[in-house]
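Heads up: the sequence shown is residues 0 to 412, going by numbering that gives the first Met the number 0. Before any comments, here is the structure.
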Amino acid sequence: MSINLDVLIVGGGVQGLWLLNDLTGLGYSVLLLTKDPLGQGQTLHSQLRIQGGHSFSDEPLVRRFREATNEHWRSFIERYPEVRAFGDSRLLFLYRSNERAIEQEETWRNKYQLNFQQYQGNLLNNLPEATSDSGIVLESDETWLDGQRLIAALISTTEVRQQICHGEVTEIILNNGSVQKVRAMVNGNDLSFKPKCLVLAAGDGNKPLLDNTIDGNKESLFARFNNFDNKNYTVLVVKGNIPPLTGFFQEFGGLQIFSRMVDENEIVWLVPYEGIESRLQNEVEKVTRFLSQLRPSRSQQDLLWGFYTGRKVEVTQEIQPTGRGRKIAVEAVETCGVGNLFVALPSWLTLAPVVSRRIVDQITESIAPTTQMFNLQDHGLSSYNEIALERWRTVDCSSWKQFREDNQLEEVY
Ligand SMILES: Cc1cc2nc3c(=O)[nH]c(=O)nc-3n(C[C@H](O)[C@H](O)[C@H](O)COP(=O)(O)OP(=O)(O)OC[C@H]3O[C@@H](n4cnc5c(N)ncnc54)[C@H](O)[C@@H]3O)c2cc1C
Numbered sequence: 000m001s002i003n004l005d006v007l008i009v010g011g012g013v014q015g016l017w018l019l020n021d022l023t024g025l026g027y028s029v030l031l032l033t034k035d036p037l038g039q040g041q042t043l044h045s046q047l048r049i050q051g052g053h054s055f056s057d058e059p060l061v062r063r064f065r066e067a068t069n070e071h072w073r074s075f076i077e078r079y080p081e082v083r084a085f086g087d088s089r090l091l092f093l094y095r096s097n098e099r100a101i102e103q104e105e106t107w108r109n110k111y112q113l114n115f116q117q118y119q120g121n122l123l124n125n126l127p128e129a130t131s132d133s134g135i136v137l138e139s140d141e142t143w144l145d146g147q148r149l150i151a152a153l154i155s156t157t158e159v160r161q162q163i164c165h166g167e168v169t170e171i172i173l174n175n176g177s178v179q180k181v182r183a184m185v186n187g188n189d190l191s192f193k194p195k196c197l198v199l200a201a202g203d204g205n206k207p208l209l210d211n212t213i214d215g216n217k218e219s220l221f222a223r224f225n226n227f228d229n230k231n232y233t234v235l236v237v238k239g240n241i242p243p244l245t246g247f248f249q250e251f252g253g254l255q256i257f258s259r260m261v262d263e264n265e266i267v268w269l270v271p272y273e274g275i276e277s278r279l280q281n282e283v284e285k286v287t288r289f290l291s292q293l294r295p296s297r298s299q300q301d302l303l304w305g306f307y308t309g310r311k312v313e314v315t316q317e318i319q320p321t322g323r324g325r326k327i328a329v330e331a332v333e334t335c336g337v338g339n340l341f342v343a344l345p346s347w348l349t350l351a352p353v354v355s356r357r358i359v360d361q362i363t364e365s366i367a368p369t370t371q372m373f374n375l376q377d378h379g380l381s382s383y384n385e386i387a388l389e390r391w392r393t394v395d396c397s398s399w400k401q402f403r404e405d406n407q408l409e410e411v412y
């Protein structure tokens, strides 16, 4: 016997949960299945930066980032102010050349309507000497989220909480160009669901699920997923007496620092880099060089270091980045030619609300809501609301000396 419902969502990250809220609000009978604690995937591995779109050169993409930030996230944060991690985060770009900085500022302002300006003040009394002499800092406000509070806000209503179940989707069965059946292990039982629409919001779990879809013509249906870029993304975690700085410091080899406040007395820097562990040495070198300029007298022994690796998934439009910005899929939603299947193309957490809106638009066009909410108890299922920990909070930071030994790093000072 299959369980009937309007929409089955796979994945309890920011994307699946945002969509669950939107669909529940419209009266659809929805169930979200997730195999790990909520947020456990990329969502709570990320720095949770809500970005305006300045990292991308694609105009439609910049517009979508702006729309997500101005419209959806702003009203969400007004409703749940506690999700802000860092009240007055500023995003800083440091340029050696004044011409380059001015040109960039004009592009952001005039072409993309992104609000950047030259930073005039004394940056926490901490900016490296060299930069104040011969560089320009551009700044903009950005919002950082507290991951656990974000998930808590997304499951704050009873209706939503009662439509989440702990379970792993194992197989999607297609028939005549539409999803016929979905199999899942739920509470140790092999169950079968018959949703009118299926949404995959499983992050890096989307690809194995699509690979495991039963259909004769798989190659052509899922060709687009050849551009699925599934890479390791490591975040170096630095704790200690460090300033709350967030920015891109180009003269330090494009060093990116994202700072998070643990409490009033503790700041953590999250320094991401894409790639392999053998490059870690370079990243550490950049950070230590930067730190030595911020606080020349500081001792490295004051710092704690650690790192974690997450899976960053992007569906790229073109494999190679063009210009300075990167390209990711503008469409955001893929149907793979299957009428009632929607795949959220993972890219940025910032875009989750606009991706959700796109999926909702397509669902409302094709089916009307059933009048009754999906009731877990009717099917002997129980609701699942466990929230994962933000990854950086769980990193076991050892001393610098230990960190160096563990990772066989050479002395960089
Ligand atoms: C290190 C790192 C830093 C990042 N920084 C940022 C940032 O600062 N700002 C930003 O906007 N974006 C950032 N991103 C990207 C962002 O995190 C992702 O785009 C976003 O979190 C994707 O959310 P999601 O809900 O689609 O996927 P996920 O959060 O990965 O959730 C997918 C869920 O699906 C579940 N699942 C998988 N397979 C199955 C299955 N078969 N059955 C049931 N459940 C399943 C998993 O348990 C998981 O919880 C970053 C990513 C990484 C890795």
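All C-beta atoms in this analysis are idealised placements derived from N, C-alpha and C, irrespective of residue type, glycine included.
- Counting the other CB atoms within 10 Å of its CB gives residue 261 a total below 16, which places it among the exposed residues.
- A residue is called buried once 16 or more other Cβ atoms fall within 10 Å of its Cβ, and residue 352 is buried on that count.
- Its chain contains 76, 142, 143, 144, 145 as the residues whose beta carbon lies nearer than 8 Å to that of residue 83, once the 5 sequence neighbours on both sides are disregarded; these appear in chain order.
- When distances are taken from the beta-carbon of residue 35 to the heavy atoms of ligand 1, the shortest one is below 8 Å.
- Taking 9 Å as the cut-off, the Cβ atoms of residue 343 and residue 359 do not count as close.
- By the 16-neighbour rule on beta-carbons within 10 angstroms, residue 401 is exposed.
- With a beta-carbon spacing of about 55 Å, residue 379 and residue 301 fall beyond the 8 Å limit used to define contacts.
- For the pair residue 98 and residue 137, the Cα-to-Cα distance works out to about 12 Å.
- Under DSSP, residue 386 shares a beta bridge with 37.
- Rounded to whole angstroms, the gap between the alpha carbons of residue 267 and residue 24 is 37 Å.
- Inclusion of residue 290 and residue 234 in the CB contact set at 9 Å is not warranted, their separation being larger than that value.
- Runs of the beta strand (DSSP E) lying entirely within the stretch 327-357, each at least 3 residues long, are 340-343 in chain order.
- Taking the Cα positions, residue 195 is about 16 Å away from residue 18.
- Residue 111 is positioned such that its CB atom lies no closer than 9 Å to that of residue 26.
- Per DSSP, the unbroken beta strand (DSSP E) holding residue 92 starts and ends at 89-94.
- Collapsing the DSSP output to three states places residue 76 in a helix.
- Distances between the C-beta of residue 45 and the heavy atoms of ligand 1 include at least one below 8 Å.
- Excluding five sequence positions before and after residue 258, the CB atoms of its chain that fall closer than 6 Å to its own CB belong to 243, 244, 245, 266, 268, given in chain order.
- Looking only at 382, 308, 356, the smallest Cα-Cα distance to residue 41 is reached by 308.
- For residue 57, the secondary structure class from DSSP, reduced to helix, strand or coil, is coil.
- In the DSSP annotation of this structure, the continuous segment of the alpha helix (DSSP H) that includes residue 405 starts and ends at 399-405.
- Ranked by Cα distance from residue 198, the options 388, 382, 408, 15 are led by 15.
- Distances taken from the Cβ of residue 348 to the heavy atoms of ligand 1 include one shorter than 8 Å.
- Per DSSP, the unbroken alpha helix (DSSP H) holding residue 102 starts and ends at 97-105.
- The three-state reading of DSSP puts residue 251 in helix, counting H, G and I together.
- Ranking 347, 79, 399 by CA distance to the CA of residue 46 puts 347 first.
- Contact check between the stretch 179-187 and the stretch 157-167: three or more CB pairs, one atom from each, fall below 8 Å, which counts as touching.
- The beta carbon of residue 231 is closer than 6 Å to those of 308 in its chain, skipping five residues each way along the sequence.
- About 6 Å separates the CB atoms of residue 31 and residue 11; that is less than 8 Å, so the two are in contact.
- The Cβ atoms of residue 13 and residue 208 do not sit closer than 9 Å to each other.
- Shown here, residue 376 sits in a helix according to DSSP, grouped into three states.
- Ranked by how close their Cα comes to the Cα of residue 174, the residues 376, 337, 387, 406 have 337 in first place.
- The closest heavy atom of ligand 1 lies less than 8 Å from the beta carbon of residue 167.
- The C-alpha of residue 21 is placed about 29 Å away from the C-alpha of residue 391.
- When C-alpha distances from residue 341 are compared across 349, 357, 350, the shortest belongs to 357.
- Nearest Cα to residue 312 within the set 114, 48, 205: 205.
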